[in-house]
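Enquirer: What follows is a structure written as structure tokens; I'll ask about it next.
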Amino acid sequence: MRSFVSGWLWACLLWVLGGACVSNTEGALVEFDVAAIGDEASKTFDSPLGYRVHLEKAHIFIGALYLNQSAPGNYTLETSCILPGIYSAEVRGGLRVDALSEKRQAFPLKGRGTTEPSRAGEIWLSSGDIHAPHDSTLVLEVKGEASKEGRTWPFEAQLSIGENRAEPPSNPALPGSNPICKQRIISPIPVELELKNQGLLLLKVVPSAWFSHVDFSKFPEENAPPYLFKDKAAAQPDNALYAGMRAHSGPYFFSFEERSTETHTTEIFEEEK
Amino acid sequence: MLRPFRFEGYSMLWPKVFFAFLLYTSAASAEERPEAVAPNPPLEAELQPKPETTTKAAENSATENSATENSTPENSTAENINTENSATDHAATANAATNNAATDHAETNNAAENINTENPAQERAEKEAGLLPEAKEVLPGQLLKEEEEVAPHPGEREEGQAAQGAEEAERKSLEKEPTLSTVVRGKSIPKSRGAGDFQVEVGPLAWVPRNSAAQLLTLAPGILLTNEGGALHAESIFLRGFDAREGQDIELWVGGFPINQAGNIHGNGYADLHFIIPELVDSIRVLEGPFDSRQGNFAVAGSAEYRLGLGQKGMTFKGSLGSHGLRRLLATWRPTSGDGQSFVGAQVYQTQGFGQNRDARSGSAMAQALFPVAEASSLRLFSFAYFGNYHSAGILREDEVQAGKKGFFDSYDVGQGGDSAQLGFLASLTGREGAFRHEQRMFFGFRNMRLRENFTGFVFDLQLPQQPLHGQRGDMLDKTSKSFMAGASGYGRMRTQLWELPLEWELGYFARVDRVSGQQTRLLAGTDIPYHVDKDLDSVLGDIGLYVDAELKPWHLLSLRASIRWELLAYSVTDNCFVKEVRRPSSTNPPLDESCLNQRDFGLYRERFQNLSTAGSIFIPKASALLGPFLDFSLMASYGRGFRSIDPEYIGQDLKTPFATLSSWEVGALYNRKGETATLEARAMLFGTHVDKDLVFSEQAGRNIVGGGTTRLGTVLSGRLQGRFFDLSANTTWVQSTFDETGLLVPYVPRFVGRLDGAVFGALPWELLGNTLLARFGLGINWVGRRPLPYGQRSNSIFVVDANTEWQWRNFSLGFAITNLFNRRYRLAEFNYVSNFQATQLSPPPLLPARHFIAGAPLAFWASLSINFGGDH
């Protein structure tokens, strides 16, 4: 009897200890560094429309980054800009990125995420209330010159997203179908990432892609050089640059570099110096 | 002079019953009556440890005058007995004790009832047929017990130890004065269904400080209670690896009244126990696992039943004052005779609560009365009423507390809180005819609940295309549920023989219908203005179960029990807000912010509601085997299936299986030894459970919602040591809960839970003004291991010590209790999910899961003074 009880207790103990090895819930939370780099090749490039473009300045303001577990194409009727439950990473600090520099430009805050696979990325072009009608933040500043067939178009652009970009609803019965927040979010940017702790999330910005569909020849004649892109929907070049900035494929690429836990943030950026 | 109130038959009218109750209670207060043994009064327990048998002095010569002077309802039966057995000698005493100790059959009480002068021939015939135990006498009040079974605890000595029991009883009786009659103290204990069947007498452990009667559940192993909703919000119950929330996975009864609220919008099965006055709880039966045929809907993790009784005789007033503005006033009364099952109690409670926004106030009244209505029948009436109103601090983000933006006991939203009202009535008729006995219950109840809680701040107010543009208006959920419930249950139990082996059959039923209206709206932040309707349901829910249960004893040390239950669940749901979105709405009549739409695609008209109905049935087999006791050990094995009805909101037209099912097994060993000065009971068991549709917490819904399948494996160790001046109870539970699909842990469920309760009590060696001074100390220690949280996180552990001391002199008692003695800052509950409590979005919102917690109570204390009139001092 005694041996039976003793054996039973030992079996119980072993079972408990064995079972205790399974000790995780699904996924894990991770923290990582975040940086952006530009594209020096965009200083001079040929656009698909045959323009040779020389860029002197290309700055974009990024308010926040988010990665999603599922592509927003799977969204239902809802048009909310925020769909809780789909996010796998967030970087909630703003950074004005010099898109012509290939030096790593660190975001002011670390990123947080989960180990769930990320399928899509979001770039928020606002660091404030994403729903606010008014926002004078300059999200894009470019300066350069385009030339084609002996003609040149020196240009400058300073774009913001506020009332100037509000779109009326296509159907008056759907007054919420075009919220301004949609203008401020570039999504879905295709990614295939699995985040790890202490790694580096890198966002590459290729400003040449912003100009892919800009037809400089269609600047209005009265727009004397340097040609200024209008900060609202207007002529083809104005609309094309704005659309190019918001294109979800072409200008922006996410990648993730795994790092050992001993690698510190400063070291990540020291490598570049 | 009060006459016994008897009914000729069962066809009594309710007015008569109420009239009888008034008569009974008024008469009882008017005169002193012969005393019977109280079920478990702390004071009596202290001075006179509870024996299996107690001699009853010749009050009892009472036989002479009882017929005229003391014919109270509760002693009337004893009169009949005593007329025949007035010459009982020591041998007879021992004989009675022998039978009491030896039998686990239920008819002990009623068997005695047949021992009267009226039909001795029938009595002899039944004895010869083996249908009755030997003659014994009973405490008068015994006949009025809710359960007539006098079953021992699992493994308690049975027939094999009859002789030993007899010797012990005889020895005890010889120590006393010669008596004319012997009273066998029956315990109202149903038959054990396995090692996880804990029948816990509160007893001296009532002196361990507890904030509510719900906390008494922690006397059973493995139970953890948390509360994220506020002081009077129903407790969330964790049991055996289940996050049973506020009753969704645990069936709860109070005095036979079903507490789970079917169809409650906050959680199907929501059970609010705050109406229970702790002083009126006599014992608790916690059956961990679905192993009893009487268990029905919601008995997934198990079931718990509060048994009511009042130990303190006479009228008692108790007032308490404490920290955080605590005020409590309690008044109880019970007749000086009887066993405490007739009582009235009422309390008013109020507190400002610790930290921010935790004030609460409530009032509760409970009454119960027992009547004999025929020679072998009794009627029990139980009713209660309760009202509560409270505020809740809700959850806090850990990062904001760490950053100093919020204090540990602060609140984000002071609009959180709730209201609760409950009214219930139950009538229970028990009776016996020969080897057949039965119980029939009828009950009805009205429940109203309102709950306002905000788990996420400003996250889930999604912009729909049909709505005008809006930002986040706030995630405060305002849930209301109004329900009326009526039902009946009962059983008939027959003892017979099969191949000359004892066999018992039980045929039982349960029927209940709930009419529930539930609504969930969202409130504009900082206001009481609803801006959106999430749900609006009117439901009629039916539940009918039939079962047959059999017990065979092929060997005197072996009991085999098996049952089959057939349950039918019926739903009739009117969804008053069926359409919430439309892809292409009418351009002439756009829905805009309207929540419940009366149009479909292209603006075509439709009514806003949709009727949905379905029904489904399920067969639930259960079986258990008990072997022993030998060398004070018993071995047990049990298997059972259970079910849980699903929320009305998940009902679809003709849904095939409107319930979740589970299967569970358990093996265990029990050691039970009664010594000269102490009693020890220890248990160890392994268990496993599989659920096909488990419930998992959703911060968006603020409650548990249906998820995937899960499996649990666990073990329990528990023990209780009781002596003349102490009572110690300790237990620990380990359980592993995993998802079937991934094999990973189910979040939020504690893997390790430990609990220690202890009480020391006795009379001090000196006197004060010629009267003995009694002292009592209680200590409770609760430990909960780190719980798994989503995304591989772990919660903090919980370690809390509570202490209490109470001093009694004459009819005065003074107590002082402290909870969280070491003032540890602990997190009662922790979560990992997305929230954003920035009312103005000055920066991109946090959309990743973050740690949140509910603050546990800091050190709190209260002093209580009670005065008793008419009791024993």
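If you read the protein sequences in the order shown, they are chains B and R.
Our numbering numbers the first residue of the first sequence as 1 and each following residue consecutively.
Our numbering numbers the first residue of the second sequence as 1001 and each following residue consecutively.
Positions of the beta carbon are idealized from the N, C-alpha and C atoms, including for glycine.
Would you please verify whether the beta carbon of GLN1841(R) is less than 8 Å from any beta carbon of chain B?
Expert: To locate residue 1841(R), count along the second sequence from 1; it is residue 841. Cβ-Cβ to chain B under 8 Å: yes for GLN1841(R).
Enquirer: In whole angstroms, what separates the C-alpha of PHE1816(R) from that of SER1864(R)?
Expert: Translated into the one-based positions of the second sequence, residue 1816(R) becomes position 816. Translated into the one-based positions of the second sequence, residue 1864(R) becomes position 864. Between PHE1816(R) and SER1864(R), the C-alpha separation is close to 6 Å.
Enquirer: Please report the straight-line C-alpha distance between ARG1307(R) and LEU1379(R), rounded to a whole angstrom.
Expert: Taking the first residue of the second sequence as position 1, residue 1307(R) is located at position 307. Taking the first residue of the second sequence as position 1, residue 1379(R) is located at position 379. If you take the alpha carbons of ARG1307(R) and LEU1379(R), they lie about 16 Å apart.
Enquirer: So the candidates are LEU195(B), SER42(B), PHE61(B); which of them puts its Cα closest to the Cα of ASP33(B)?
Expert: Taking the first sequence and counting its residues from 1, the one referred to as residue 33(B) is at position 33. Comparing Cα positions, the closest option is LEU195(B).
Enquirer: Buried or exposed, going by whether 16 or more other CB atoms sit within 10 Å of the CB of LYS1318(R)?
Expert: Against the second sequence, residue 1318(R) aligns to sequence position 318. LYS1318(R) is buried by the Cβ-count criterion.
Enquirer: According to DSSP, is ARG165(B) part of a helix, a strand, or is it coil?
Expert: Along the first sequence, read from residue 1 onward, the residue named residue 165(B) stands at position 165. Correct three-state label for ARG165(B): helix.
Enquirer: Taking a Cβ distance cut-off of 7 Å, strictly less, list which residues of the stretch 1436-1460 of chain R are near chain B, in chain order.
Expert: VAL1459, PHE1460
Enquirer: I believe ASP1243(R) touches VAL1735(R) by the beta-carbon criterion, under 8 Å. Please report the beta-carbon distance rounded to the nearest angstrom.
Expert: In the second sequence, counting from the first residue as 1, residue 1243(R) sits at position 243. In the second sequence, counting from the first residue as 1, residue 1735(R) sits at position 735. Going by Cβ atoms, the distance from ASP1243(R) to VAL1735(R) rounds to 11 Å, so no, they are not a contact pair.
Enquirer: Relative to the C-alpha of PRO1221(R), which candidate in SER1617(R), GLY1792(R), ARG1720(R), TYR1509(R) has its C-alpha closest?
Expert: As a first step, residue 1221(R) must be located in the second sequence, where it is residue number 221. For the residues SER1617(R), GLY1792(R), ARG1720(R), TYR1509(R), the minimum Cα distance to PRO1221(R) belongs to ARG1720(R).
Enquirer: Pull up the distance between the alpha-carbon of GLY1856(R) and that of SER255(B), whole angstroms please.
Expert: What you label residue 1856(R) is simply residue 856 of the second sequence in a count that begins at 1. What you label residue 255(B) is simply residue 255 of the first sequence in a count that begins at 1. Cα to Cα, the separation comes out at about 43 Å.
Enquirer: Taking only beta-carbon positions, decide if GLN1467(R) is within less than 8 Å of chain B.
Expert: The residue labelled residue 1467(R) in the question sits at position 467 within the second sequence. Taking Cβ atoms only, chain B reaches closer than 8 Å to GLN1467(R), which makes this a yes.
Enquirer: Which residue marks the beginning of the beta strand (DSSP E) containing ASP1757(R), and which one marks its end?
Expert: Mapped onto the second sequence, residue 1757(R) falls at position 757. That run of the beta strand (DSSP E) goes 1752-1768.
Enquirer: So which residues of chain R does TRP124(B) contact, with C-beta pairs closer than 8 Å?
Expert: Numbered from 1 along the first sequence, position 124 holds the residue referred to as residue 124(B). Correct list: PRO1844.
Enquirer: Are the C-beta of ASN171(B) and some C-beta of chain R separated by less than 8 Å?
Expert: Within the first sequence, the letter at position 171 stands for residue 171(B). Cβ-Cβ to chain R under 8 Å: yes for ASN171(B).
Enquirer: Just to confirm before moving on: does the CB-CB distance between ASP1549(R) and SER1563(R) stay below 8 Å?
Expert: Along the second sequence, one-based indexing puts residue 1549(R) at 549. Along the second sequence, one-based indexing puts residue 1563(R) at 563. Against a cut-off of 8 Å, the Cβ pair of SER1563(R) and ASP1549(R) comes out as a contact.
Enquirer: Whole-angstrom Cβ separation of SER47(B) and PHE155(B), contact assumed at under 8 Å?
Expert: Mapped onto the first sequence, residue 47(B) falls at position 47. Mapped onto the first sequence, residue 155(B) falls at position 155. SER47(B) to PHE155(B), Cβ: 12 Å. No contact.
Enquirer: So, with DSSP's three-state summary, where would you put ALA1111(R)?
Expert: Position 111 of the second sequence, counted from the first residue, corresponds to residue 1111(R). Note that ALA1111(R) scores a pLDDT of 34, beneath 50, so its modelled location is shaky; the value from the coordinates is reported in the next line. In this structure, ALA1111(R) counts as helix in the three-state DSSP scheme.
Enquirer: Sort PHE45(B), PRO251(B), LYS204(B), THR137(B) by Cα distance to ASP231(B) and report the nearest one.
Expert: In the first sequence, the residue the question calls residue 231(B) occupies position 231. That would be THR137(B), whose Cα lies nearest to the Cα of ASP231(B).
Enquirer: Would you say the stretch 176-187 of chain B touches the stretch 158-168 of chain B, given that touching needs at least three Cβ pairs under 8 Å?
Expert: Between the stretch 176-187 of chain B and the stretch 158-168 of chain B there are three or more C-beta pairs closer than 8 Å, enough to call the two in contact.
Enquirer: How long is the line joining the alpha carbons of THR1521(R) and ARG1851(R), rounded to whole angstroms?
Expert: Position 521 of the second sequence, counted from the first residue, corresponds to residue 1521(R). Position 851 of the second sequence, counted from the first residue, corresponds to residue 1851(R). Their backbone Cα atoms lie some 26 Å apart in a straight line.
Enquirer: By how many angstroms is the C-alpha of LEU193(B) removed from the C-alpha of MET245(B)?
Expert: One-based indexing of the first sequence puts residue 245(B) at position 245. One-based indexing of the first sequence puts residue 193(B) at position 193. When rounded, the distance between both Cα atoms is 23 Å.
Enquirer: Run through chain R and tell me which residues come within less than 8 Å of ASP129(B), C-beta to C-beta.
Expert: Against the first sequence, residue 129(B) aligns to sequence position 129. GLY1471, THR1840, GLN1841, LEU1842, listed in chain order.
Enquirer: Please classify THR76(B): is it buried, with 16 or more other beta-carbons within 10 angstroms of its beta-carbon, or exposed?
Expert: If you number the first sequence from 1, residue 76(B) lands on position 76. Any reading at THR76(B) must be qualified, since the residue scores a pLDDT of 43, below 50, and its modelled position is unreliable; no value is offered.
Enquirer: Hey, ARG1825(R) and PHE1408(R) are a contact pair by Cβ (cut 8 Å); roughly how many whole angstroms apart?
Expert: Numbered from 1 along the second sequence, position 825 holds the residue referred to as residue 1825(R). Numbered from 1 along the second sequence, position 408 holds the residue referred to as residue 1408(R). Right, the Cβ-Cβ distance comes to about 6 Å (below 8 Å), so this counts as a contact.
Enquirer: Decide yes or no for the touch test of the stretch 169-179 of chain B against the stretch 106-115 of chain B: beta carbon pairs closer than 8 Å, at least 3 of them.
Expert: no
Enquirer: Just to confirm my understanding: we take TRP1333(R), look at its own chain, exclude 5 residues before and 5 after, and list those with CB closer than 6 Å. What are they?
Expert: On the second sequence, position 333 is the one that residue 1333(R) refers to. Closer than 6 Å at the Cβ level, and outside the excluded window around TRP1333(R), lie MET1315, VAL1344.
Enquirer: Please classify GLU1594(R): does DSSP put it in a helix, a strand, or coil?
Expert: By one-based count along the second sequence, residue 1594(R) stands at place 594. Note: GLU1594(R) maps to coil in three-state DSSP.
Enquirer: To the nearest whole angstrom, what separates the beta carbons of GLU274(B) and LEU100(B), a pair I think is in contact under 8 Å?
Expert: In this structure chain B extends from 1 to 273, so residue 274(B) is not present and cannot be described.
Enquirer: From VAL1348(R) to GLY1431(R), what does the alpha carbon distance come to, in whole angstroms?
Expert: If you number the second sequence from 1, residue 1348(R) lands on position 348. If you number the second sequence from 1, residue 1431(R) lands on position 431. Taking the straight line joining both Cα atoms gives about 37 Å.
Enquirer: Which one or two residues does DSSP pair with VAL97(B) in a beta bridge?
Expert: Reading the first sequence from its first residue, position 97 is the one you call residue 97(B). According to DSSP, which records beta bridges pairwise, VAL97(B) is partnered with ILE60(B).
Enquirer: On the three-state DSSP scale, how would you describe TYR1748(R)?
Expert: Numbered from 1 along the second sequence, position 748 holds the residue referred to as residue 1748(R). In the structure shown, TYR1748(R) sits in coil (DSSP, three-state: anything other than H, G, I, E or B).
Enquirer: Within the continuous alpha helix (DSSP H) that includes TYR242(B), where are the two ends?
Expert: Within the first sequence, numbered from 1, the residue matching residue 242(B) stands at position 242. Where TYR242(B) is concerned, the enclosing alpha helix (DSSP H) stretches over 236-245.
Enquirer: Between GLY1616(R) and the rest of its own chain, which residues show a CB-CB distance below 7 Å, the 5 nearest in sequence each way excluded?
Expert: Position 616 of the second sequence, counted from the first residue, corresponds to residue 1616(R). Only LEU1569, LYS1656, THR1657, PRO1658, PHE1659 meet the Cβ criterion.
Enquirer: In the stretch 1378-1405 of chain R, which residues sit with their C-beta less than 9 Å from some C-beta in chain B, listed in chain order?
Expert: Per Cβ criterion, the list is empty.
Enquirer: For GLN1463(R), decide whether its Cβ has a neighbour in chain B, counting only Cβ atoms nearer than 8 Å.
Expert: In the second sequence, the residue the question calls residue 1463(R) occupies position 463. For GLN1463(R), the answer is yes, since a Cβ of chain B falls inside 8 Å of its Cβ.
Enquirer: Using only alpha-carbon positions, find the residue among GLN1440(R), THR1689(R), SER1645(R) that is nearest to SER1663(R).
Expert: Counting from 1 along the second sequence, the entry for residue 1663(R) is found at position 663. With distances taken between Cα atoms, SER1663(R) lies closest to THR1689(R).
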